[in-house]
Amino acid sequence: MRKLITNEEKVAKTISNLVSDLRLDLEMLAVYLQQINPNVTINRILLMADLLRDEKENQHNDYL
0 MRKLITNEEK VAKTISNLVS DLRLDLEMLA VYLQQINPNV TINRILLMAD LLRDEKENQH
60 NDYL
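Under numbering that gives the first Met the number 0, the sequence shown has 47 at position 48, and the numbering climbs by one with no breaks.
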């Protein structure tokens, strides 16, 4: 039986692939994101970064 892939998993994979590309200038990406939609976009990206940091710390603690 195949596992259904959620929209969140699809977006996570897309973001991961895009950010992993070393040719992508992250500083310019931040500038353009701020210009396009400063409030919602940036707040959600910062929230995602905090959640990712917490998830990484929790995963690290599980191995100890």
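From the three backbone atoms N, C-alpha and C, an ideal C-beta is built for every residue, glycine too. Fair warning: this is a prediction, and the values are worked out from it, not measured in the lab.
* Asked: What is the DSSP secondary structure of isoleucine 41, reduced to helix, strand or coil?
  -> Working through the sequence shown from its first residue, we reach residue 41 at position 42. Judged by DSSP in its simplified three-state form, isoleucine 41 adopts helix.
* To do: Measure how close the beta-carbons of isoleucine 41 and leucine 32 come, nearest whole angstrom, since I'm counting them as under 8 Å.
  => Position 42 of the sequence shown, counted from the first residue, corresponds to residue 41. Position 33 of the sequence shown, counted from the first residue, corresponds to residue 32. Rounded to the nearest angstrom, the Cβ distance from isoleucine 41 to leucine 32 is 7 Å, consistent with a contact under 8 Å.
* **Beta-carbon separation (whole angstroms), leucine 17 vs leucine 23, contact threshold 8 Å** => Counting from one through the sequence shown, the residue named residue 17 turns up at place 18. Counting from one through the sequence shown, the residue named residue 23 turns up at place 24. Rounded to whole angstroms, the Cβ separation of leucine 17 and leucine 23 is 6 Å, and the two are in contact under 8 Å.
* **Unbroken alpha helix (DSSP H) run spanning methionine 27, endpoints** => What you label residue 27 is simply residue 28 of the sequence shown in a count that begins at 1. Judged by DSSP secondary structure, methionine 27 falls within the alpha helix (DSSP H) whose first and last residues are 25–35.
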